[in-house]
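This report concerns only the one structure given below.
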């Protein structure tokens, strides 16, 4: 992992002030490019890295500063109605998405009600956050680090890493390689059940909600950002639908 360094000049901890309200986290410079594809070898490394992070058992509180947002279904109904009125979604799209969001939200709420133990996790182990160096891969960008249930984190990040843009489903051989890397590195496995995908559902629901707010004007942003958010809503809608409808089939990859 890239080592954080304390910046010179105006800063807050490891965060350098770039502008009045703009900060950037500073770490050691890694002068290389990221991978163009995720192969089994890189997936194995990612699994081992997730195991190393989980072994730290750093405390994570999902209630701290809304670090693990889970929204009530009635709120979703209101947001999707606003999205329809704003032309972000058609009536048909909004109705279909509400059914998916309702199912996903109920799953997440049910698993959280069981009181799982959270630890601090990276929460964004993707191809764009891995750099290849002469000494091996390096994981960067801890800006989204926050609380997560360890096994949920592993499943989410492994499937995320195996799901290349444009691919309709995660690549099974990449999922298996990453999970093998995790287990071989001493990672603790969880149950092979629908509950394992709770973190993946929660993260994608949060991402969809955030972009709905931007696209519909519920949260202020520039006109150009609003257009981008509207496109993200379409992509995120397809992603959350795929997760909900594929979970039962994906469970087999965890065994």
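Numbering (the working numbering), first residue to last: 249 to 503. We treat Cβ as the ideally placed atom computed from N, Cα and C, and that holds for glycine. On a predicted model such as this, the values are computed, not experimentally measured, just so you know.
Restricting attention to 479, 474, 421 and 490, the CA atom closest to the CA of residue 287 is found in 421. One thing to note: residue 433 has its Cβ within 7 Å of the Cβ of residue 296. According to DSSP, residue pairing for residue 381 in a beta bridge involves 384. Excluding sequence positions up to five before and after residue 494, its CB lies within less than 7 Å of the CB of 417, all in the same chain and listed in chain order. Considering only 470, 264 and 364, the residue with the shortest C-alpha distance to residue 401 is 364. Residue 270 sits in a strand when the DSSP states are folded into three classes. Per the Cβ contact rule, the segment 443 to 462 is in contact with the segment 352 to 372 (3 or more Cβ pairs under 8 Å). Our two residues, residue 386 and residue 304, have alpha carbons roughly 18 Å apart in a direct line. In the structure shown, residue 492 adopts helical secondary structure according to DSSP, grouped into three states. A Cβ-Cβ contact shorter than 7 Å links residue 485 with residue 345. Note on residue 441: under 16 other CB atoms within 10 angstroms of its CB, so exposed under the neighbour-count rule. By the beta-carbon neighbour count (other beta carbons within 10 angstroms, threshold 16), residue 453 is buried. The segment 326 to 338 makes contact with the segment 464 to 481; the number of CB pairs closer than 8 Å reaches 3 or more. It is roughly 39 Å from the alpha-carbon of residue 250 to the alpha-carbon of residue 321. Going by DSSP, residue 254 is part of no beta strand (DSSP E) at all; its letter is neither H nor E.
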